[in-house]
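Protein chains in written order, with the working numbering: chain U, 208 to 399; chain V, 17 to 670.
Below: the structure, in structure tokens.
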Amino acid sequence: MISLPRISMLTAGFFLFLVLLFPIWKITLIAPQYPRGMGFYIWANKIVGDKPGTLKNINILNHYIGMKPIEPDSIPELKYIKYILLGIAGMAFIMAVFNKWQLNLVWVIIFVATIALAFYDFYLWEYDFGHNLNPDAAIKVEGMAFQPPLIGKKLIMNFTAISSPMLGSLFIVLSMVSGVLAVFFGIRQKKV
Amino acid sequence: MKLQLLRNLILFTFSIILIASCSGDKNGSKGPLGSGVAAQKVYVAPGELDEYYAFLSGGFSGQVSVYGLPSGRLLKVIPVFSVDAEKAYGFNEETKPMLETTYGFVPWDDAHHPELSQTDGIPDGRWLFINGNNTPRIARIDLTTFETVEIIELPNSSGNHSSPFTTENTDYVVAGTRFSVPVPQQDISMNEYTGKYKGTLSFVKVENDGRMNIAFQILMPGFDYDLAHSGKNASNGWTFFTCYNTEESNSLLEVQASKNDKDYIAAVNWKLAEQYIAEGKFEEMNSPYIRNYYDEATHSASTETFGKVKVLKPENCPGLVYFLPTPKSPHGVDVDPSGEYIVGAGKLSAELTVHSFTKMLKAISEEKFDDEKYGIPVLDMDATLAGIVKSSGLGPLHTEFDADGNGYTSFFITSEIIKWKLGTWEVLDRVPCYYSIGHLMIPGGDSKKPWGKYLLALNKITKDRYLPTGPELNQAAQLFDISGDKMELILDFPTIGEPHYAQAIPAEVLISNSKQIFKLEENKHPHVTKSENEVKVVRNGNVVRVYMTTIRSHFAPDNISGIMVGDEVYFHVTNLEQDFDVPHGFAVMGALNSELLIMPGQTETLYWKPQFPGVIPFYCSDFCSALHQEMQGYIRVSEKNSKTELKWSVGFEE
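What follows is the structure in structure tokens.
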């Protein structure tokens, strides 16, 4: 039977599936010598520069301050996060079959907790890149951290770092909203 | 005749007075509008880009300089025919072959006429061609990299002046002989000039990928072939060459070659020539020549030698060439955008002689011939004449056109530009130049679609235009706004070498095609090193090859030992950078060579022969980064046959 909570859960799963097809986050670095900025996109399963050489160029600049190179191959999360997201999307479809608001609520809680954890993990990576610097670095600034902002704009030396959500994040939010709506519609149906 | 001479003499005297008076004319430098309005017209704000690319020949510098218009900003100097230590052109192993000729390595030439490739008569921004005048050659510059990628030598020619003017679809670029010589070359007296000395007109085929081949040469009488332009629309298929010294003199030409009242414009039917070639009506002549080609994939040039050319003789090929009588040693020959009018500038006269293409065809079909020279019919001048521009200027040289049916002609002796109307031949405006203008250039002004708006005067004499710099001065260029009825001087700037001619093209045609880097993964140099893990030093007898990389801010390897006095060392340096505008330099103390200047993704090779034992530093000569001053290394040089082990390293981790 087609019902609003069921449709909402199916939609939630569908949006979550879409997350895998678009970048989730973008970090852009702008400096006088880089007026158009150098940016890279973070997907669920990869990190790519806005141009073929961008990651390499960012890594060359970062090596002066002793920052570790950004090497997508050495970030394990990029290998498994897509399966977690696929799993949660699959769960949403299963919940749609059961069509119980309590189960839907469990799903929402799991999903929100996962995203919160992922966000915290992202912060840890940023912290690690910004603070764990090579002591032999050519440029050392006492007390200076090079951690980019989680979201928004921050001046780091000569670079303005801009960290902003992309289309993938929108689908995460839409998926969450659909899940919450499923719970909401489910409770309302019950009362009626 | 005497009256005319008298008139010219008066004009000439007048012009000298005019030139003299110009020196004190400070208004001229500001233009009639006042400097404020003029400044606004040429002001390109910091960070903004120019409207046009202008390519100015470097004349005796042998190079091409690229300026932005209307600002007059120098954007780049492209080495073509002369070595350039700044860019290692002619110094590194990769570009040395570019300057090979049948005479050997020639480090210099005199470059006169830049010519943009055209599609359907409109400059298309693929390539720029330019002639080498002294050792006859044509070069091709790729406008995605702004680098010389091909130079072809022209056999059986000397003084390659009337070159490399293109046909409307860049089927051919042409070349003529300015100094007729024995063809084939032989040891004969100059007194045997008449009849025995010949000039050739070469048609160089341009393939779709730009590669040039000599399709055929036409063996012409021993005149001086001066300039050329090809037809457009209906006249496409013909190329027109001016010639002087129809007197066939071999000494004191300033007098001897100025005797004839009329010389000729040679009209060559190259489509018919193609037919004669196809029919086999050519002679194959032993004529060694060389072609040098630079391959962007290998970042290296190579030299090919050829032995024969196909030669057509006009006396065996009826209809191939006609002479159009044109007064007083015609210099420029320019074809208007429609292709109907062929404008001859008799450089010792006050007038422009305009021939009509349709009248020429009619005169040919009606056989209105006045004379014949070495089997080439001379047409009746009255039968081809479309009109005469009576300018009262003196010494007309070159004409370019705007999109509104006007011609603009430079006058060397009276140092001015005259604007006149096509068809009515009336003079509309005139403006002085500082001083003694040669060529002039309107963007697209020699094509089927002039963009107009600006006119650049390329002057021969500079004198007091800029702050004095001793006896040797740069040449001067002046930019005029021609968008209104009156030409207005808006900018004056010095140039590099002697800009004979120039070409310009709207910036947007080239900007998007301009390369920023060379892709490292596409580098096919035989001695490329694509990562630091692959660097090595290889000895083979006394030849040592160093496979080196650069990346901000170090060389790998940066310590090398085991090099010996008398070794022949080749540094194959690959720039691993893939970011726009991060070249690295490479310079070795005491090397009898230039530096290297290596673009991102490119490999270049420096040859070095160590002379004494010791430790030789090398460093990056292009300020690349915050730690550029740290980008350095050492080579230990030991005595010949010493036991020092061949070793290389970077850093201390191993």
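From the three backbone atoms N, C-alpha and C, an ideal C-beta is built for every residue, glycine too.
Does the distance from the C-beta atom of Lys465 of chain V to that of Ile138 of chain V stay below 7 angstroms? Yes; because the gap between Cβ atoms is below 7 angstroms, this pair is in contact.
Under 7 angstroms between C-beta atoms, does Gln594 of chain V make it to chain U? yes
For Ala251 of chain U, would you say it is in contact with chain V, using Cβ-to-Cβ distances shorter than 7 angstroms as the test? For Ala251 of chain U, the closest Cβ of chain V is not nearer than 7 angstroms.
Proximity of Thr255 of chain V and Ser246 of chain V at Cβ, strictly below 7 angstroms: In this structure, Thr255 of chain V places its C-beta atom within 7 angstroms of the C-beta atom of Ser246 of chain V.
Contact with chain U by Leu65 of chain V, beta-carbon distance below 7 angstroms: no
Burial state of Lys344 of chain V (16 or more Cβ within 10 Å): Counting Cβ neighbours within 10 Å, Lys344 of chain V comes out buried, since at least 16 surround it.
Residue closest to Glu537 of chain V, alpha-carbon to alpha-carbon, out of V:Thr619, V:Ile458, V:Val559 and V:Ile512: V:Thr619
I want to verify the contact list: residues of chain U whose CB lies under 9 angstroms from the CB of Ala15 of chain V, in sequence order. Because chain V in this structure spans residues 17 to 670, residue 15 of chain V falls outside the shown range and cannot be described.
Beta carbon of Thr160 of chain V nearer than 7 angstroms to that of Asn529 of chain V: Against a cut-off of 7 angstroms, the Cβ pair of Asn529 of chain V and Thr160 of chain V comes out as a contact.
Taking 6 angstroms as the limit between beta carbons, can you name the residues of its chain near Ile375 of chain V, skipping five residues before and five after? Here residue 375 of chain V is Lys; the residue named in the question, Ile, does not match the sequence. Once the five neighbours on either side are set aside, the close Cβ partners of Lys375 of chain V are Thr400.
Could one say the Cβ of Ile254 of chain U lies closer than 7 angstroms to chain V's Cβ atoms, at least one of them? no
With DSSP collapsed to three states, give me the class of Asp16 of chain V. Absent from the structure is residue 16 of chain V, since the part of chain V shown begins at 17 and ends at 670.
Identity of the residue in V:Leu144, V:Pro237, V:Ser274 and V:Ala127 nearest Arg227 of chain V by Cα: V:Leu144
Just checking: is the beta-carbon of Arg5 of chain V within a distance shorter than 7 angstroms of some beta-carbon in chain U? Because chain V spans 17 through 670 in this model, residue 5 of chain V falls outside it and cannot be assessed.
Compare the C-beta of Asn365 of chain U with all C-beta atoms of chain V and state if any pair is closer than 7 angstroms. no
Would you call the region 179-191 of chain V and the region 144-155 of chain V touching, i.e. three or more CB-CB distances under 8 angstroms? yes
Based on Cα-Cα distance, which residue from V:Gly175, V:Leu495, V:Leu472 and V:Glu514 lies nearest to Leu489 of chain V? V:Glu514
Between Asn249 of chain V and Gly403 of chain V, is the Cβ-Cβ spacing less than 7 angstroms? Contact flag unset, no.
Take Ser98 of chain V and list the residues in its own chain whose beta-carbon comes closer than 7 angstroms to its own, dropping the five residues that flank it on each side. Ser77, Gly78, Gln79, Pro123, Trp124 and Asp125
Alpha carbon of Ile35 of chain V to alpha carbon of Asp187 of chain V, nearest angstrom: The predicted position of Ile35 of chain V is uncertain, since its pLDDT is 47 and thus under 50; a value taken from the coordinates is nonetheless stated next. Taking the straight line from one Cα to the other gives about 42 angstroms.
8 angstroms contact criterion, which Val551 of chain V and Pro573 of chain V should meet: CB distance rounded: 6 angstroms
If we count Cβ pairs, one from each stretch, closer than 8 angstroms, do we get three or more for the region 157-172 of chain V versus the region 216-232 of chain V? yes
So, does the region 592-603 of chain V touch the region 634-652 of chain V, judging by three or more C-beta pairs under 8 angstroms? yes
Beta strand (DSSP E) containing Arg307 of chain V: first to last residue? Looking at the DSSP string, the run of the beta strand (DSSP E) that includes Arg307 of chain V is Glu299 to Asp311.
Check each candidate in V:Val58, V:His516 and V:Val271 and name the one with the smallest Cα separation from Gly84 of chain V. V:Val58
Excluding five sequence neighbours on each side, which residues of the same chain lie with their C-beta closer than 7 angstroms to the C-beta of Ser658 of chain V? Met580
Could you confirm whether any beta carbon from chain V is found closer than 7 angstroms to the beta carbon of Asn264 of chain U? Any Cβ of chain V closer than 7 angstroms to the Cβ of Asn264 of chain U would place that residue at the interface, and such an atom is present.
Can you find a CB in chain V that lies within less than 7 angstroms of the CB of Ile267 of chain U? yes
Quick one: is Gly244 of chain U near chain V, going by C-beta distance under 7 angstroms? no
Enumerate in chain order the residues of its own chain whose CB-to-CB distance from Ser218 of chain V is below 7 angstroms, with the five nearest sequence positions on each side excluded. Once the five neighbours on either side are set aside, the close Cβ partners of Ser218 of chain V are Leu170, Ser173, Val190, Ala191, Ile230 and Gln233.
Determine the direct distance from the alpha carbon of Lys502 of chain V to that of Glu67 of chain V, and round the result to whole angstroms. 21 angstroms
Which residues mark the beginning and the end of the beta strand (DSSP E) in which Leu474 of chain V is found? Tyr470 to Asn475
Mind the definition here: the region 587-598 of chain V touches the region 263-271 of chain U only if three or more C-beta pairs lie below 8 angstroms; say whether that holds. yes
Starting from the C-beta of Leu364 of chain V, find all residues in its chain whose C-beta is less than 8 angstroms away, skip the five residues before and the five after it, and write them out in chain order. Asn24, Ser274, Lys344, Ser345 and Gly411.
The beta strand (DSSP E) with Ile563 of chain V in it runs from where to where? A small correction: the amino acid at residue 563 of chain V is Tyr; Ile does not occupy that position in the sequence shown. Segment Val559 to Ile567, the beta strand (DSSP E) holding Tyr563 of chain V.
Do the CB positions of Tyr241 of chain V and Thr193 of chain V come within less than 7 angstroms of each other? yes
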